[in-house]
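Below: one structure, written as structure tokens.
Residue numbers (UniProt numbering), protein chains in the order written: chain X, 1 to 194; chain U, 1 to 194.
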């Protein structure tokens, strides 16, 4: 029984990896179950053995990215300490999760459509952004962040910078190990020498 | 004759505005001349009177964004003074051009494909980024920027922040008049209060 569960979850896991690659290449709307079957090298009925269809695969894939992102907000360093330090932790860890779960976060950031699952993903992304915006607001209130930039605008620009990574980062690229640090240094300290 | 030229150029201008909207909504690949004819409310032969086809419309549209961006690099404040001040000018003006030419820059940033025009647009975007990366490098050399962030990485994160604006900015949105200032303040000074 345990053996079976392990094999079954391995299969969903590897199916998901293939699915995410195909969704990112062709777009969710442009991908058929036929495409997934071909890319995974297994029959459509084998896929249906594990999931109800394409939309469930999308939910599992973006769910993985969302769980990783929301997990950050529950980490001790995100809930204890000065607001600015908690914010810095969240920014650094968001960049780390983005690199560790690159295809899943890429898919999440490209979700646009009108299915229930896509609407749910957009809603959870907004929740996450909102939680971070609250942290920015808290840090402004504590006098730890500059007050001349509006908190929601600052949050958007901050995520714009972090999320842009999915557009240009290629795994193994030189200098990528320093990426989360660079994001934190730029976001909190700015480019200018002091 | 002058009257004719004015009418003709007005027509191309308004055709372009419609084209860019449709390209941004449906994607360049997903748009047919039929779609453009319908959206513009003029016949396909009227469109062909002005341009050779869809690819020429793309070239005119992304060319408009590219001309505006390269125009920044020729402005007096981009060529005279300390490197850090020139860089700051370029960053502020890039944000301003993005807002002023939002649909055109959005289209430029979404170009991905394999036509000659798309390849040309990608190449010119890389040129622009490269010119800015040189300015970053120059400012680092002059000791005006922090040295612990690699210049190419800094340039990418900087543009990631600026370019993200096309994803979330809606014309007329509250607080948008302060956007170029906010970008400059965040990019050069960072979020942290001093």
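A virtual CB, placed ideally from N, CA and C, is assigned to each residue, including glycine. Quick caveat: nothing in here was measured; it's all calculated off a predicted structure.
Open item on the list: Tell me which residues share the same chain as residue 84/X and place their Cβ nearer than 6 Å to its Cβ, disregarding the 5 neighbours each side in the sequence.
Closed with: 139, 144
Open item on the list: Could you give the first and the last residue of the continuous alpha helix (DSSP H) run that contains residue 203/U?
Closed with: In the structure displayed, chain U extends from 1 to 194; residue 203/U sits before or after that span and is not available.
TODO: Compute the Euclidean distance between the alpha carbons of residue 71/U and residue 79/U, then round it to the nearest angstrom.
DONE: 12 Å
Open item on the list: Can you pull out the residues from the stretch 148-168 of chain U whose beta carbon lies closer than 9 Å to at least one beta carbon of chain X?
Closed with: 148, 149, 150, 152, 153, 154, 156, 157, 158, 159, 160, 161, 162, 163, 164, 165, 167, 168
Open item on the list: Counting only beta-carbon separations shorter than 8 Å, does residue 192/X have a partner in chain U?
Closed with: yes
Open item on the list: Whole angstroms are fine: how far does the CA of residue 73/X sit from the CA of residue 130/X?
Closed with: 12 Å
- [ ] Could you confirm whether any beta carbon from chain U is found closer than 8 Å to the beta carbon of residue 189/X?
- [x] yes
- [ ] Tell me whether residue 109/U counts as near the ligand GDP, meaning its Cβ is closer than 7 Å to at least one heavy atom of that ligand.
- [x] No copy of the ligand GDP occurs in the structure displayed, which carries no ligand at all.
Task: Per-residue DSSP class, three states only, for residue 146/U - done: coil
Task: Contact check, residue 184/U vs residue 91/U, beta carbons under 8 Å - done: yes
Task: Contacting residues, own chain, Cβ-Cβ under 7 Å from residue 187/X (five flanking each side not counted) - done: 91, 158, 161
TODO: Can you give me the Cβ contacts of residue 106/U inside the same chain, cut-off strictly under 7 Å, excluding the 5 residues immediately before and after it?
DONE: 24, 166
Task: Beta-carbon contacts of residue 5/U that lie in its chain and below 6 Å, excluding the five residues immediately before and after - done: Since pLDDT at residue 5/U reaches only 45, below the 50 mark, its modelled position is unreliable, and the value read off the structure follows with that caveat. Counting only Cβ-Cβ distances below 6 Å, and skipping sequence neighbours, we find nothing.
Task: For residue 105/U, the first and last residue of its enclosing alpha helix (DSSP H) - done: 102-110
Open item on the list: Can you give me the C-alpha to C-alpha distance between residue 57/U and residue 110/X, rounded to a whole angstrom?
Closed with: 26 Å
Task: C-beta neighbour in chain U for residue 178/X, strict 8 Å - done: yes
Open item on the list: Using a Cβ-Cβ cutoff of less than 7 Å, which residues in the same chain neighbour residue 136/X once the five nearest sequence positions on both sides are dropped?
Closed with: 87, 145, 151, 154, 155
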